[in-house]
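Under my numbering, the first residue of the sequence shown is numbered 8, with each subsequent residue one higher.
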Amino acid sequence: MELSRRSFLATSAVATAGFAGCTGDSGDPDPPQQSTGTADWTWDGDVPVDSVVQYHQPSCGCCGEYVDYLERNGIAVSVEERPDFDSFVATKADLGVPESMRSCHTIEFGSYLVEGHVPLSAIERLFDDEAAVAGLAIPGMPQHAPGMGPPSDDPLTVYAFDDEGTRPFDDV
């Protein structure tokens, strides 16, 4: 199932705003710390990958929170920072992340890509199903996702993507 034009435009607007939030500098040398609720995200599953590579920009705090989430769950993360927006976007394009699925970080997770704040339960299902896709994504920067905030009663839609397009994969 393809995203509608309206969904595509809304997702693009959210992703652009999210990228801007990660690339901006507030000028405050000591910005206030906010609880992201990342510790509230629990997972007791297993994936056949023990280390990953995450690409993000140095100023993105929620990307660091997602790294903490992965590491707290036993996954070693090598961070590759992209200091300017153009190289950041080029990395996503080179890896094959569709524009409509983009978020603030991209992860090479074994043979798959993971775009954004995807819960490990969805990544585990990806490996369990041996899905024939390039990767998973939660576009933009949703408030109730690992690294962004505590879980909510409202499900997050995780999308699968490949050369053929995008489609819903899971609601977590």
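Backbone N, C-alpha and C define an ideal beta-carbon position, used for all residues, glycine too. Bear in mind that the values here come from a model prediction, so they are computed numbers and not experimental data.
- Taking one beta carbon from each stretch, the segment 85 to 94 and the segment 117 to 126 have fewer than 3 pairs nearer than 8 Å; the two do not touch.
- When C-alpha distances from THR98 are compared across GLN150, GLY147, TYR73, VAL60, the shortest belongs to VAL60.
- For SER58, the number of other beta carbons within 10 angstroms of its own is below 16, and it is reported as exposed.
- Residue pairing of ALA144 in beta bridges, as defined by DSSP: GLU122, TYR166.
- Listed in chain order, the alpha helix (DSSP H) elements of length 4 or more contained wholly in the segment 63 to 92 are 68 to 79.
- ASP160 sits in coil when the DSSP states are folded into three classes, being neither helix nor strand.
- Looking at the DSSP output, PHE116 shares a beta bridge with TYR119.
- The beta carbon of PHE168 sits closer than 7 Å to those of PRO105, MET108, VAL140, ALA141, GLY142, ALA144, all from its chain and outside the five residues before and after it, given in chain order.
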